[in-house]
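Beneath this line is the structure, given in structure tokens, with notes to follow.
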Amino acid sequence: MINKYPVRVTKAGIPYLEMAEELAILKDFMIIDLNLTNIEEYTDKIDEVLHSGSSQEISGSTTLLKIDKNRTIVYNFAIDQECMLKTEELKEILKSYLKHSMGGE
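Just so we're aligned: 41 in our numbering is position 6 of the sequence shown, and the numbers increase by one with no gaps anywhere.
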């Protein structure tokens with residue numbers, strides 16, 4: 036599933052996943068708010084929602100994630116826009132991002 040998002044590395048050496056324009060807000064979240072020290076907090080919330088079915092919210096500097104069992108809304112405060120994707124897909128994207136951030140393939 037995740038292979039549809041090719042991994043690119045910025046000149047600063049930061050990996051990110053190229054995504055469709057409708058998921059550009061998710062890319063902003065990954066570049067600005069996500070890092071190796073907080074990614075577990077996000078994945079733990081996702082796992083908690085997937086296990087319990089109870090919705091959760093988590094926010095970063097520029098984005099708010101509204102996580103439901105079936106879908107997650109990523110809202111960007113700065114530009115007042117949001118995108119939506121399946122929660123399982125977001126989990127796979129974050130796992131792939133972590134893998135590439137740690138030097139994996």
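Even for Gly, the Cβ is constructed at its ideal location relative to N, Cα and C.
Checklist entry - Thinking C-alpha only, which one of Lys46, Leu71, Ile67 is nearest Ser131? => result It is Leu71 whose Cα lies nearest to the Cα of Ser131.
Next on the checklist: Buried or exposed, going by whether 16 or more other CB atoms sit within 10 Å of the CB of Val109?
Outcome noted: Buried: at least 16 other Cβ atoms inside 10 Å.
Checklist entry - Whole-angstrom Cβ separation of Ile60 and Cys118, contact assumed at under 8 Å? => result Cβ-Cβ separation between Ile60 and Cys118: approximately 5 Å, consistent with a contact (criterion under 8 Å).
Next on the checklist: Please report the straight-line C-alpha distance between Leu100 and Thr122, rounded to a whole angstrom.
Outcome noted: Between Leu100 and Thr122, the C-alpha separation is close to 10 Å.
Checklist entry - What's the gap between the Cα of Ser87 and the Cα of Asp115? => result Cα to Cα, Ser87 sits roughly 29 Å from Asp115.
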